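Protein chains: 2
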Amino acid sequence: MDQHIKPVELAKAYRLLNHGPTVLVSASHGGVENVMSAAWSCALDFAPPKVTVVLDKATATRPLVEQSGYFVLQVPNMAQLQLTYDVGHTSAVDTPDKLAKAGVQLFKVEGYDVPLVVGSSAWLICKVLPEPRNEQVYDLFIGEVVAAYADDRVFQNGHWAFENADPQWRSLHYIAGGNFYAIGEAVVAKT
Amino acid sequence: MDQHIKPVELAKAYRLLNHGPTVLVSASHGGVENVMSAAWSCALDFAPPKVTVVLDKATATRPLVEQSGYFVLQVPNMAQLQLTYDVGHTSAVDTPDKLAKAGVQLFKVEGYDVPLVVGSSAWLICKVLPEPRNEQVYDLFIGEVVAAYADDRVFQNGHWAFENADPQWRSLHYIAGGNFYAIGEAVVAKT
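Residue numbers (the UniProt record's numbering), protein chains in the order written: chain A, 1 to 191; chain B, 1 to 191.
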């Protein structure tokens with residue numbers, strides 16, 4: 001594993017998603033791996049940390065999540081802008097070599113048989129908490145975060161450091177039609 | 001209603017939340033109005049547009065949502081930085097004049113008996129789709145967006161215009177401890 005990838009304590013895992021980034025969702029089952037992007041993912045609880053993500057029934061990633069009971073949310077960055085768009089707008093259903101075409105490389109961490117996307121800023125390994133009605137009616141999946149990691153060049157001591165890192169590390173926030181915003185300046189309220 | 005506040009067609013309402021801003025949640029019932037901030041709110045569907053929001057059982061806003069069946073999500077901006085922090089860190093439970101202290105002013109739009117926060121960038125009026133299990137187990141509420149509005153100084157023709165608007169219009173993305181990020185530069189992927 002890259003020396004810059006450090007575990008994030010579970011009590012602070014929500015901070016990886018709290019600012020609302022577009023995420024990459026990865027999963028594998030039976031030797032098949034896939035990755036898609038999702039703007040509709042959100043923190044749901046602090047401890048144990050939980051998350052939500054919307055996975056359309058047409059996606060090829062969803063059955064991998066359903067069959068394995070696990071998914072990974074990763075926070076992509078400016079260096080992954082085109083990759084993030086591409087894995088959200090091609091499907092392995094009709095483009096079997098989707099991951100290779102998008103330049104996605106995968107790695108694993110010890111203890112978990114799930115694929116992580118190389119070059120992301122953060123990773124949350126999630127175990128599905130089955131909620132059949134949400135999944136069927138709303139395409140909404142709930143996961144408990146069982147392990148979290150971040151690159152220490154952009155997340156340090158439990159805090160994002162976008163303002164001190166290279167701009168290539170900025171998180172991506174999708175709107176529509178290929179248009180994203182990168183996260184911007186740090187601003188502080190009086191506490 | 002301020003001349004700059006324009007209706008947003010429901011098919012594009014998801015774009016108001018798609019980039020993951022921290023929101024203000026407002027509701028009223030029986031003459032009581034309240035506003036809280038929430039980082040955990042997310043788009044859930046395109047058409048009809050639906051949203052999720054996490055409302056802790058300890059909040060004073062939650063019973064207003066439960067009793068009225070409606071809530072409003074508003075997208076606050078840099079000019080509302082301190083207001084956004086303050087309404088998220090004081091409760092009407094122990095600070096009855098919370099809204100006045102935070103400088104919150106409310107207005108209404110024709111056809112809906114719900115309070116909207118003056119000076120926000122966008123407003124989504126939502127009707128609760130009751131899901132008792134989600135609400136009890138996860139504090140997760142689902143709403144259908146029945147009307148949406150945005151200020152035309154920052155949202156134009158169905159698109160955010162952060163890059164062309166005054167920086168005071170930038171959306172806020174909360175992390176923790178009073179620390180937010182403002183949304184940043186527009187970046188475009190090849191489609």
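C-beta atoms are modelled at their ideal positions from N, C-alpha and C, and glycine is treated no differently. Predicted model, so just to flag it, every value in this text is computed and none were measured.
Which of the three DSSP states is assigned to Trp169 (chain A) in this structure?
Residue state, collapsed to three classes: helix.
Would you verify that the beta carbon of residue 200 (chain A) is, or is not, closer than 7 Å to some beta carbon of chain B?
In the structure as shown, chain A begins at 1 and stops at 191. Residue 200 (chain A) is therefore absent and cannot be evaluated.
Status (buried if at least 16 other CB within 10 Å, exposed otherwise) for Arg62 (chain A)
That one is buried.
Please classify Thr52 (chain A): does DSSP put it in a helix, a strand, or coil?
strand
Starting from the beta carbon of Gln82 (chain B), find every residue of chain A whose beta carbon is closer than 8 Å, and list them in chain order.
Those within 8 Å of Gln82 (chain B) in chain A are Ala189 and Lys190.
Using a beta-carbon distance below 7 Å, is Glu33 (chain A) in contact with chain B?
No, no contact with chain B.
Look at Ala147 (chain B) and Val154 (chain B) and say whether their C-beta atoms are less than 7 Å apart.
For Ala147 (chain B) and Val154 (chain B), no; Cβs fall outside 7 Å.
Against chain B: residues of the segment 59 to 82 of chain A by CB proximity under 9 Å:
Those residues of the segment 59 to 82 of chain A that come within reach of chain B (Cβ to Cβ, closer than 9 Å) are Met78, Leu81 and Gln82.
Let me confirm a value: Lys190 (chain B) is counted as buried when at least 16 other C-beta atoms fall within 10 Å, else exposed. Which label applies?
exposed
Looking only at its own chain, which residues have a Cβ that is under 8 Å from the Cβ of Val114 (chain B), when we skip the five neighbours before and after it?
Ser26, Ala27, Ser28, Ser68, Tyr70, Phe71, Val72, Lys108 and Ile125
Using the three-state DSSP reduction, which class does Asp151 (chain B) fall into: helix, strand or coil?
strand
Going straight from the alpha carbon of Asn179 (chain B) to that of Gly88 (chain B), what length do you get?
13 Å
Under 7 Å, do Leu55 (chain A) and Ser37 (chain A) count as touching if we go by C-beta distance?
no
Boundaries (first-last residue) of the alpha helix (DSSP H) holding Ser28 (chain B):
Unbroken run through Ser28 (chain B) is the beta strand (DSSP E), Val23 to His29; no alpha helix (DSSP H).
Distance cutoff 7 Å, beta carbons only. Does Pro43 (chain B) sit that close to anything in chain A?
Here the sequence assigns Ala to residue 43 (chain B), which means Pro is not the residue at that position. Closer than 7 Å: yes.
Following the continuous alpha helix (DSSP H) through Lys63 (chain B), name the residue where it begins and the one where it ends.
According to the sequence displayed, residue 63 (chain B) carries Pro and not Lys. Thr61 to Ser68 is the extent of the alpha helix (DSSP H) around Pro63 (chain B).
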